[in-house]
Amino acid sequence: AGMTSSSSTGAAEAVAGGGDDGSVINLDHGDPTMYERFWQQMGDKTTVVIPGWQYISYFSDVRNLCWFLEPEFANAVVNLHKVVGNAISVDHHIVVGTGSTQLFQAVLYALSPADTSEPMSVVSAAPYYSSYPLQTDYLKSGLYKWAGDAYKFSKDTPYVELVTSPNNPDGSTRQAVVNQSEGILLHDLAYYWPQYTPISFPADQDIMLFTVSKSTGHAGTRIGWALIRDREIAKKMTKFIEINTIGVSKDSQLRAAKVLQAVSDSYDRDGNPKESKAFFQYGYNLMAERWRNLRAAVNMSGLFSLPDFPVEVCTFSRRAFAPQPAFAWLKCEGEIEDCESFIRKHKILTRGGKHFGVSPKYVRISMLDRDEKFNLFTERLSKIHN
Ligand code: PMP
């Protein structure tokens, strides 16, 4: 929406060279098309066929607290967390959602105190994911309200702190920053997968959100899952989804189940890849290559900087590596105040720091687009000089 190029300044033409045709490069959204090639190579392994008479009911499993959760999808989630070791799913209820976006709203609904005159505060440490404030406030709910940067929060009232780790936009590993007794933590673990960051321990928080969008790249399937320790919270989230959409697409859950199970099945019991083309190895290698190319381009240009990340051992791959996040959090050095506008002159569309609650000297750039676009981006970036 509204993502077309504005004006051609001629700057892009001036820097265009090699294979660069000077076209607009839109890396504003985190659309995970980078995984398309992998799934293409998998051929029919993850094809799902659903006859017209199947899965027509609203219900999936009436004995389950989350009655619209497909058992096949639930099993695939449990199996994948076991293989990767990034979260403990036993002792947790699984709630499925239309993307983790719906689950985020279901959590806020479920956590809001019933007997309060004031909306519950929702905070997250800046830079935070730009959709949080919008999703929290767009209905002007009396139940909860966006209260901004968690570092600046000092009210003595009930609050939810969103802890996104690895963080969108800057890729950092995070912990809660507000430390008050009335607080509840929501852990958004969309990027806690071994192609992006070393898996250092299995997450075991009370409220955890995951999504196929960033794990396998199936954003269009619109499936996310929540791991919820408390039964009453899981029940209330289920109620929210019942009122909101009367459940979650079974077609999508089955497709997600097939994809997640295919990923699990490509590893043996010790977590070693059975096939030369195991999913996380593919993702890891591609992200590593992209980060090398991006850092080289940033060095060549000299106008920008990137965050540095500490090397850690990954319990899944048994490899020591530094995070290679899904987004580049690029800073314009020197006098450039508005990095988004500056880079847009070179026909590269990014999302500026203001959307994430920080300085416009920063921009967020998606690392998850198709090869062609990403390579064009690094080539053009490397040639931006003063
Ligand atoms: N949380 C974070 C931190 C994200 O980056 C995203 C996707 N951009 C989401 C949640 C939403 O993902 P979904 O596609 O599952 O709604």
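Letter 368 of the sequence shown, counting from 1, is numbered 368 in our numbering, and no numbers are missing.
Beta carbons are placed, not taken as given, at the ideal position from N, Cα and C, and that holds for glycine.
Here the structure is a predicted model, which is why all the values come from computation and not from measurement.
Cβ of residue i versus every heavy atom of the ligand PMP: is any distance shorter than 8 Å?
| i | result |
| --- | --- |
| Gln105 | no |
Quick check: the Cα distance between residue i and residue j, rounded to an integer number of angstroms?
| i | j | result |
| --- | --- | --- |
| Leu349 | Arg231 | 43 Å |
| Leu65 | Glu379 | 51 Å |
| Leu376 | Cys339 | 19 Å |
| Phe343 | Glu335 | Just to set this straight, residue 343 is Ile in the shown sequence, not Phe. Rounded to whole angstroms, Ile343 to Glu335 spans 14 Å at the Cα level. |
| Leu254 | Ser165 | 27 Å |
| Asp149 | Ala278 | 39 Å |
| Leu69 | Gly43 | 27 Å |
| Asp392 | Tyr151 | For the chain, the structure presents residues 1 to 386; residue 392 sits outside this window and is missing. |
| Ala12 | Phe309 | Residue placement at Ala12 is poorly supported in this model, since its pLDDT is 43, which falls under 50; the coordinates still yield a value, given next. Their Cα atoms are separated by approximately 31 Å. |
| Asp204 | Leu189 | 11 Å |
| Thr251 | Leu303 | The amino acid occupying residue 251 in the given sequence is Asp; Thr does not appear at that position. Cα to Cα, the separation comes out at about 47 Å. |
| Lys45 | Leu381 | 38 Å |
| Tyr267 | Ser317 | 11 Å |
| Val178 | Ile246 | 35 Å |
| Ser8 | Lys345 | Caution is warranted here: a pLDDT of 40 is assigned to Ser8, below 50, making its placement in the model unreliable, and no coordinate value can be reported. |
| Ile384 | Ser213 | 32 Å |
What would DSSP say about residue i, mapped onto helix, strand or coil?
| i | result |
| --- | --- |
| Asn26 | strand |
| Glu312 | strand |
| Ile220 | It should be noted that the sequence gives Gly, not Ile, for residue 220. Gly220: helix per DSSP, three-state reduction. |
| Tyr109 | helix |
| Pro166 | coil |
| Phe377 | helix |
| Val48 | coil |
| Arg351 | strand |
| Thr33 | helix |
| Asp149 | strand |
Using a threshold of 8 Å, is the CB atom of residue i nearer than that to any non-hydrogen atom of the ligand PLP?
| i | result |
| --- | --- |
| Lys82 | Absent from the structure shown: the ligand PLP. Ligands present: the ligand PMP. |
Checking contacts by CB at 9 Å: is residue i closer than that to chain B?
| i | result |
| --- | --- |
| Tyr151 | As a matter of chain content, chain B is missing from the structure shown, which is built from one protein chain. |
| said: Check whether the segment 133-147 and the segment 271-286 are in contact - that is, three or more C-beta pairs closer than 8 Å. | reply: no
| query | Does the segment 324-339 touch the segment 298-308, meaning 3 or more C-beta pairs lie closer than 8 Å? | reply | yes
| request: May I have all residues whose beta carbon comes closer than 6 Å to any heavy atom of the ligand PMP, sorted in chain order? | output: Gly30, Gly99, Ser100, Thr101, Tyr129, Thr164, Asn168, Asp188, Ala190, Thr211, Ser213, Ala219 and Gly224
| Touching by the beta-carbon criterion (3+ pairs, under 8 Å), the segment 147-161 and the segment 103-119 | yes
| said: Does the contact criterion of 3 or more C-beta pairs under 8 Å hold for the segment 77-96 versus the segment 220-240? | reply: yes
| said: Below 8 Å, how does it come out for the segment 352-360 and the segment 305-325: are there three or more Cβ pairs, yes or no? | reply: no
| said: So, does the segment 277-293 touch the segment 97-107, judging by three or more C-beta pairs under 8 Å? | reply: no
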